[in-house]
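The listed protein sequences correspond, in order, to chains B and L. 1 is the number of the first residue of the first sequence in the working numbering; add one for each residue after it. 594 is the number of the first residue of the second sequence in the working numbering; add one for each residue after it. For every residue, glycine included, the Cβ atom is placed at its ideal position computed from N, Cα and C. Please read all numbers here as calculations on a predicted model, not as lab measurements.
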Amino acid sequence: MKYINKFRLLPIWTILLVSLISCNKFLDKQPLSEITSEDFYETAAQLNQALTGAYNAYGARTVSPGLNNPTPYYSKMDLYTEIGLERSLNGTIGSGAYNSTNATVVELWRIFYQVVQRTNSLLFYMPKAQSVTAPAEYARIAAEAKILRALAYWHLITYFGDVPFLTAPATNEDLTTPKRVAKKDIINFLIADLESASTSLAWLPSDFGRVSRGVALGAAARLAMLDKRYPDVIRLTDNIIANSPYGLNPSFQNLFRKAGQTANVNNEIMFIYPFGDADGGSFNYLNLVQGSRNQGGQSSHFPTQFLVDLFECTDGRSIDQSPLYNPAQPSKNRDPRMKHTVIISGDTVVVQGFTSNVYSATNRLVHTFNTTSSAVTLSTINNQDSANIFGPRLNGCGNLWRKYTNDRDINGTAGNLYKVGWVYMRFAEILLLNAEAKLESGAPASDVATQVNKVRARAGMPNISSAVLANANSLKQLVRREKTVEFANEGIHMADMRRWDDGAYAAKVMTGLVVGADLSSSTFVTGQGLVITNPAPIPLFDAIYQVPISYPNAATTRLTRETRLFNINQHLLCPIPQGELDKVKTLTQNPNW
Amino acid sequence: MTKLSVMLLLLFTSVQISLAQQLKITGKVTDAAGNPVDGATVQVKSNKTNAVTNLQGVFSIKANKGETLVIGNIGFASKEIIIKNDFVEVQLVQETNNLQDVVVVGYGTQKKGKISASIATVTGDQLIRRPLANVSMGLQGMASGVTVRQGSGQPGADQGTINIRGIGSINSSSAPLIIVDGAEAASLNDIDPNVIENISILKDASSTAVYGARATNGVIVVTTKRGQKGKTSISFNSFVTAQRPTNMPTTLSPVDNMILQNESRAATGSTILPFSQTEIDLYKSTPANNFTVFNTDWQDLIFQNSGLMQNHNIVVSGGGEKSTFMASGTYLNQQGLLTNNQFTRYDLRINGDIEVTKRIKFSSNIFYTKSTNYVPSGASTTEIIQRAITMSRQWAGKFEDGKYGNAGQSNNVNPIGLAESSGVTKTETPTLSMRFALKVEPIKNLFLEAAYNNRASYTQSVRPGRTYSVYTPNPASSSLNYVGEFGVIDSALTYTNNRVNVNQYYASGDYSFKIAKVHNIKVQAGMQAIDNYSESVSATRFGLQYPDRPYFGFATSATQPQVGGSATTNSLLGYFGRINYDFQNKYIFELNGRYDGSSRFGATQGKQRQLFSSASAAWVFSRENFMKAIPVINFAKLRLSYGSLGNQEIGDNFPFVASISNNIDYYFNNILTRGNSLANLPNYDLSWERSTQANIGLDLTLLKNKLNITFDYYEKKVTNMIIDFPLLDIAGFATNSLVPTNIGSMINKGWEFSATYKNKVGKLGYSITANLSDVKNMVNETGGRDVVNGILLSRAGHSVNSYRLYRTNGLYQVGENYNSPVNGTRFTGAGDIKYVDVNGSGVLNDTDRVIMGNNFPRYEFSTDISLNYGSFDLNVFVYGVAKRDNYISGLGVQPFNAPNWFASGLTTALDRWTPNNPGAAYPRLYDGGNGNYIGSDFWLRNGAFLRIRHITLGYNLAKKWMDKIKLQQCRFYVSVVNPFTFSNYEPGFDPEISNTNGAFYPIMRTTTIGFNVKF
C-alpha cells in the first residue's frame, strides 16, 4: 500500500507540471525588438517617420561604387550616355553589351519601386492617423509622398518604358499577375496627382531637403516632356517661372559647392539630397569615386571627349568653327562651365587646398603649380592618373569630372568629409524645359531664346546668335547642346538623349569607339601653361546634330576605350530585370532583349 | 493495475492446468555473468512445447526427464540440455553480434534485436581512435545515409555539415536535430569526443516521430559516459597534430603574370598595356631582391602560424553503492596556418547519479565548455587567404625590416598586414548546460521521469581593429616611402555580446509488462517544452589613439560611437507517446506519435499545432522454423516503417507579422531625422513543413556472427515545403523580399548498405566495414516558379539546387563564325568559350541556360579496415564520393580579375587559348573576361573523389607490463589524416569544398602522435 500511495501522488505531480507549462501563453510569442504594421501609422510623428523613410529610399540609395556607399544613383546615369563612361570595360549599360541580369538594371528597378512602396504604404495607411494630425500637416505629408512617388515613376519610365503601375500597397493580384501599364496612362495620372498635390505645399520647402510646390510642378513637367506633351510642359513651367521665388544663381560653380548650396542664392536649387554636417558617417562618396588618383580619388566615373568637345568657345561657336579654339590648348577660350564640369589636360586642380597640380593623363610625373607665385615645377611624384591601371589614362579615356569633385575638403584624404549635396532639380532645368517645349511646339525663336539666354548669360556665354535663331535646326541643336552641357553629370541627360528624334540622336552618338583625350605628349610653356606638342586633329561635327561625331585617326592619336553597341530597336530602353520575368508570366520583356 | 495482474495470473494458471499430465520442470536461465536472461524461449524438442523466461530468468514447463530442452534468445547461442532434475540451470553464452546491446532511441532505450526502425550507432571508442577536433567530422563515413561535408579547414570552423538521408528542405533547415543526454543541444561540436559513450542516428519516421516537429531531417542522439558502480578509473588521452593544407593553387611567376596580363589587355584592342617591355625585361634579367624586383610568396607569408593542434583529456569515473560519477576535462588548442588564427576549447563535464532510495534515482549532467576563437580583425580569414592565393607575386609583400609593401591596388589591402597587424578579434563562448532528472519507479517496471535542462551561452566578441603602415620602395634614395595607413581604418573597438538562454522541461512515464509470457508490451507517454530566448548587444568606438590598448578610454573620431541590439524568442510544446509490442521477440510492432505546438506559426489561423505519428513492424524471421535449414544465417530481421514528421526550423520566429524597419534616416535642415518603413509583408498562413517517410530494411548476421549486413531502402517525401517565393521587386522591399509559402514538395529516394566482417586468424584480428549509400532527390513542386539561388536552381523534375548553366562546346578557333549565335554581351573572337544556342533562337540569352548536375554527393562510400596483431593495431579509413559536380568560379578560374587588389593568374592560366595553343584547357585571356566566366558547364568540374581519410597505427603496451604498473590500457599511436586524395578536380583546389570562388580556408592534411592511458 505504501507504494500505491506514492504511485498515486506522482502522476498528480506530473500532471501539475504538464499543465503549468501547457497553458496557451507558452506558445504566444511576439517580436521583442521590432514594431509591426499593426501599431504603426497611427500618429503624426509616425507619419513623418514613414515619410522620412520614403525620402531615404529616394536619396540614400546608390548604384556605385557599392551598395552601402552614399552616392546618389543619379550620378551614374550620365555614364550610360554619350557624355560619360564608368570604369568597367564591358558589361555596362553604357557599352550596350549587357543583358537583363545586369546588376545596375536590377538595382534601378528595385530602388525606385522601393520608393513607390514606401510612399504607397504611407498614403494607404495614413488615414489611421488623420484624426490626430493637423490638417495642414496631413496634407503636406501626403503631397510630399506623392511627389517622391511621381519622381520614382519618372525614373522607371525613363529607363524601362511601360511599367507596372501601383498606387497602393501591392495586392496579391499585383504580385501574381502584374501587367505593364502604358507610360502615357501613368503620366496622365501622375500629372494630375502632382498638380493637385502642389496646392498643399509652399514654393519654398518647409525644411532644407524637402520637396516643394515647385518640385511638384517640375516633376510634372519632366513627366510631360517624357511623353512629349509640350503644351503641358509649357503650362507647368510657365507657372513656375511666373509665380515662384526661384531664379538663377549668378555663380554656376556655387551650385556644386557646400557653401553655395547652403546659401542657395535666388533659390535656384529646388530639391537636393543633403548630407549631415556634424555626422562623420554622412558624406557623399562622389568626390572619392570621381577624383584624381593623385588626390586619393578612385577615378571610376569619367566624362568622354565628346562632352569636352561639346562645350562651345566663348564666342558661342563650336570648336570646329570657332577661330578661338586651339587644339594644343583646348581649355583656352571655352564656355566657362567647361572648367567647372570636367578636368582635362592642362587644367589646374587644387590638392588639399594648399598646392595645386596640373592635370595630365599622359605625363609620368606630376606638375605642381604654385597658385601664389604661378611657378610651375615638375615634381618627382609619380603621376597616378597616368600610372595606375585604374587611373583615367589606363582605365578611362583621359578626362575627369570636376562637377561634384570641386569642393574638396581641406583635410580629407579619402574624400570622406565631402558634404556637397546632390542637386535633384534646379531652376535652370525649368527654364530649359520651357524653352525646349516651346521650340518643339513651334513657338517663335525669340520666345525660345529668352529662357536659353538666361542660362547662357549666367554661365558667361553670349546670347544665341541671330544666325542660329534664323535656322530652325541650328536652334534646336543648340537648345539640346545647352541642356547637355549645363546638366552634364547631373543624371537627367539619359531621358533627353533617348527622347530626341525618337532615338535617332542616341543611335548616332552612342555607337562606336569611345574616344578620349589627346595621346600626344605636352610641355610647359612659360606664361601659357601646358601645351600639347603635336595635337590630334579637331573632330568632325555631325551635320544635323552639330555634335562631334568623328575623330580622325583616333586609334593612334587618342586614348580609346570600348566600342559601344547601340541598337535603336533595343537600347532605347533597358531590359526588364530577368528576375522579375522569371517570377511571373504576365510581365513582358522590352523588344529585342 | 494490480487487478489486471491478478486477472492475467488467473489466465495463465488456466492455461497451465490444461497441460498438467507431465512433470513441471522449472529452471533459471542466466548469462555468462550470472545475470538472469528474460524473454528466452524454452522448447521441449520432442513436442515443441514452449515457455518463456520471466524477468528473473525463471521458466516452468511440462516435460519428462530425459527429454531435451532447447533454450534460445536473441543475442545468445542457443543451447540444448537434457532434463535430469525438475530444476534446470542453464547458462547461455552471448553471441558476438550484440543483439542484446541496448541502443539509445528517442526518449529511451531499446535492445538492438527488438528495433524495428532504421537506426545507426557509432560508439565513442570508434570516434576517438583517430584525432578529432570536432564530432561532426568524426561521423563522416561512419554511418551509411549520413552525409557529412567539410567546407573549411579553419580552426573552430572546420566542422562538417550533416545531412541525414539527403536534403530535407529547400529553404528551411536540413540539419538534423541534435540531442545530448536527453536535451536539445546547440551543436554536435560542443561535445568533446572523449566523453561520448555512443551516438544513435535515428534515420526513419519510426525512430524520430517522438520528436515531431523537429524530426524531419533525422535525429542524432548522443549519450555521454557515466560512472559505474565499483569501477574506478582514470584515463588520459592526448594527441599533438601538425597540419598542412591538402592542396593550394600556385600563382604565375612575376614575368608570366606581366606577359599574360599584357596579353589580356591587348586582346581588348587596347594599345596601352599595363606593363612595359622595360619592366618585363628587368624582371627577366634580375633576380628578385625584394626592393626593385619582387617575387613575393604571399601564401608563405600569411601562413606563418604553426598549425599545431593539441588535445589533452582526463576522464575520472567511478562510484560506490549509492552513487556514481564521471568527470571529464579536456583542453583543445588548434593553431591555424594563418597568422593570428587559432581556436581553443575547454570542456568540463560531470555526470552524477544518486540512488536516493531503491526506487528513486537522481541524475545530473553538468557541462561547461568555453571556446575561444582568434581571427585577424581586418578581413575574414577566407578573404585574406583568397587575396594571398591570387595576389601578383611582383608586388611588395614585406620588406627586410618588416615594413609592409604597397600592394593591393587602391586600398593597399596587403594581406600580410591584414593577417599580422590589423588587430586580433577574440570571440569567446562559454556555455553552461545543466540537466537534473528525477526518475521514480513507484511499482515495478513503471518509471516516471521529470527533467529540467537549462543551457546558457554568452558569446562575447572583442574586435580591436587597427591600421598598419604601408611603404613603397624609392630606388633613387634606396629607402622606403611612407604611403599611408591601411587595415581597419579609423581604428575601432567593437564589442558584441550574444546571450542565448534555453529552458527545456520534460516529463514522461513508461510501463513494461507481459501478457501470457510471450506478449511484451511497453507504453510510454510524456511531454516536452522548450523556450528559447536570445539577445545581443554591440557597441563600436572609433578613433582609438592607442590601438594596442583598445579599452583605454581615449578615442577621437568624427564618427560617432555606434550601439545596437536585438532580442528574439520562440517556444515549442509537445506531447508524445509510444507503444512497443513484440511477440516472442519475433514479431515486433511500434507506434509513435507527437502532438506538437510551435510559437513560430500564427495562432489566429490555427496553424500552431499539429500531430505527427509513425508505425513500424519487424519480423525476426531467423526465429522461424523454416530458417533452421539455413544455418549460415544466424540472425535475420525484416523491418518496415512509415510515418509523418514536421519541420519548424523555418528561419524566422515571427513570419506572421509585418515589421517596421527603423533607422531609415534622412537629413532635413542638417538634422538627422529618424525614419521608418514597412519591412516585409506578413504571412499569417505559414505552417509546418511535413514529410512522410517509408523505410524497408533488412538486418542479417551470417557466418557464425562474423558478418553483419544491414540494408535499407527509403522514400522520404517532403510536402508543405516552404518555397520562398521571391516577391516581385515591384512590391518594393528592395532586397530579400521573399514570401515563404507552404507549396513545395520533393522526394528523396535512397538506399543504404553496410557490412562488417570480423574475424581472427591466429594472432591477427581484423575487421572490415564497408558503407555504401545513395540518395536521389527530385523536386516535385515549387508552386510553378523556379527557386533560383545564383547559378543554382530548384525546379520540379530536377534535383534540388541543380546547376543551371550555359552549355558550351569548346573554344572558338580562328576563322570560325563568331557571330552565331548572336551574343550581345561580348565581342566574341577566337579563344572564347563557344556557348550553345540550346533553343535554336539564334540569340544567346538567359533562356539557353540548362539544368545540369548538382553538388550533393551521390554514391557515397567508405571503408574502414582495422587490424590488430599482438600489440599493434592499424586502422585505415577510406571515404569517397563517386558522383558529384562541383563548380568553380571567380578568382579560382578568372585571371587578373580581383575587385581591389592586383590579382595574378594561377599557373593553370598558362594553358590559356592562343593561336599556338588551340587545344587549350582555358579560354583566351581578355581584360574584363569577355563573358567567358559566366555560369557555364565549362567551369563545372567532376567533384568525385576518393580520399584516404586517415591511417592510424597504434601500439598497446603488453598486458604483462601494464599489470606491473597497474595500468588497464596504454596505447600510443600515430595517425595521418587526409594523406592521399584521388580526384579530377581543378588543380590546386580541394574537391570537398563546394562551389569555391577562390575564397576558402584549406582543408588540412595532418600528422598526429597521441596516447591513451587508463588506470
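Sequence-distant residues of the same chain with beta carbon closer than 8 Å to residue i, five excluded per side
{"i": "G1611(L)", "result": "Only positions 594 to 1608 of chain L appear in the structure, and residue 1611(L) is not among them; the question remains open."}
{"i": "E1585(L)", "result": "R742, Q743, G744, F1538, R1540, I1596"}
{"i": "F306(B)", "result": "E82, I83, V509, V515, V547, P548"}
Residue i: contacting residues in chain L (beta-carbon distance under 8 Å)
{"i": "F275(B)", "result": "Y1260"}
{"i": "Y359(B)", "result": "In chain order: nothing, as chain L lies at least about 18 Å away."}
Proximal chain B residues relative to residue i, where beta-carbon distance stays under 8 Å
{"i": "D1322(L)", "result": "V106, W109, R110, Y113, P577, G579, E580"}
Partners in chain B for residue i, counting only beta-carbon separations shorter than 7 Å
{"i": "T861(L)", "result": "L89"}
{"i": "A1424(L)", "result": "Per the sequence shown, residue 1424(L) should be read as Gly rather than Ala. Result: empty, since nearest Cβ-Cβ is about 16 Å, beyond 7 Å."}
{"i": "L1265(L)", "result": "G276, D279"}
Paired residues, beta bridge with residue i - DSSP
{"i": "R1283(L)", "result": "G1239(L), T1312(L)"}
{"i": "K617(L)", "result": "K655(L)"}
{"i": "H1543(L)", "result": "F1470(L), V1570(L)"}
{"i": "M1339(L)", "result": "V1311(L), V1372(L)"}
{"i": "T950(L)", "result": "I953(L)"}
{"i": "T1456(L)", "result": "A1363(L), V1471(L)"}
{"i": "A1551(L)", "result": "Paired residues: none, contrary to the question."}
Cutoff 6 Å; reference residue i; Cβ partners in own chain excluding five residues on either side
{"i": "E948(L)", "result": "K915, K954"}
{"i": "L930(L)", "result": "F896, N898, G900"}
{"i": "G412(B)", "result": "With a pLDDT of 46 at G412(B), under the threshold of 50, the predicted position of this residue should be treated as unreliable, though the coordinate-derived value follows. Taken in chain order, the list of residues that qualify is empty."}
{"i": "L67(B)", "result": "Residue placement at L67(B) is poorly supported in this model, since its pLDDT is 34, which falls under 50; the coordinates still yield a value, given next. Hits under 6 Å: none found."}
{"i": "T1601(L)", "result": "P724, F832, T834, S1568"}
Nonlocal neighbours in the same chain, by C-beta distance under 7 Å from residue i, ignoring five residues either side
{"i": "F275(B)", "result": "S282, F283, N284, K419, G421"}
{"i": "Y1472(L)", "result": "Q733, G734, S1455, R1540, R1542"}
{"i": "A1012(L)", "result": "I895, L931, T932, N933, P969, I977"}
{"i": "A414(B)", "result": "Only weak support is given to the placement of A414(B): the predicted model assigns it a pLDDT of 46, under 50, and the value that follows is read from those uncertain coordinates. So the list reads L288, G296, once near-sequence residues are dropped."}
{"i": "E856(L)", "result": "L1518"}
{"i": "E137(B)", "result": "A44"}
{"i": "L587(B)", "result": "P178, R180, I576, E580, L581"}
Proximal residues of chain L, C-beta to C-beta of residue i below 9 Å
{"i": "V584(B)", "result": "L1321, R1378"}
{"i": "S33(B)", "result": "E1128, G1158, S1159, A1160, T1161"}
{"i": "L166(B)", "result": "I1323, A1324, G1325"}
{"i": "S100(B)", "result": "N1438, D1439"}
is_contact[residue i, chain C] using C-beta, thresh 8 Å
{"i": "P178(B)", "result": "Looking for chain C here will not work: the only protein chains present are B and L."}
Chain B contact residues for residue i, given Cβ-Cβ distances below 9 Å
{"i": "S970(L)", "result": "In chain order: nothing, as chain B lies at least about 19 Å away."}
Under 8 Å (Cβ pairs) to chain B, residues found in the stretch 1366-1391 of chain L:
R1378, D1379, V1381
Which runs of the alpha helix (DSSP H) fall wholly inside the stretch 830-897 of chain L and span at least 4 residues, in chain order?
847-859, 870-878, 891-895
For the stretch 751-782 of chain L, which residues have a beta carbon sitting closer than 8 Å to at least one beta carbon of chain B?
none
Could you tell me which uninterrupted beta strand (DSSP E) segments, each at least 3 residues in length, are contained entirely in the stretch 1108-1164 of chain L, listed from first to last along the chain?
1112-1135
Quick one: which residues of the stretch 1056-1085 of chain L get their C-beta closer than 7 Å to a C-beta of chain B? List them in chain order.
Result list empty, no residue passes.
Residue ranges of each alpha helix (DSSP H) within the stretch 432-475 of chain B, 4 or longer:
445-459, 466-470
Looking at chain B, which residues of the stretch 786-799 of chain L have a Cβ within less than 8 Å of any of its Cβ atoms?
none
Could you give the uninterrupted runs of the beta strand (DSSP E) lying entirely in the stretch 338-383 of chain B, keeping only those of 3 residues or more?
348-351, 355-358, 365-369, 376-382
Give, in chain order, every residue of the stretch 885-896 of chain L whose Cβ lies closer than 9 Å to some Cβ of chain B.
none
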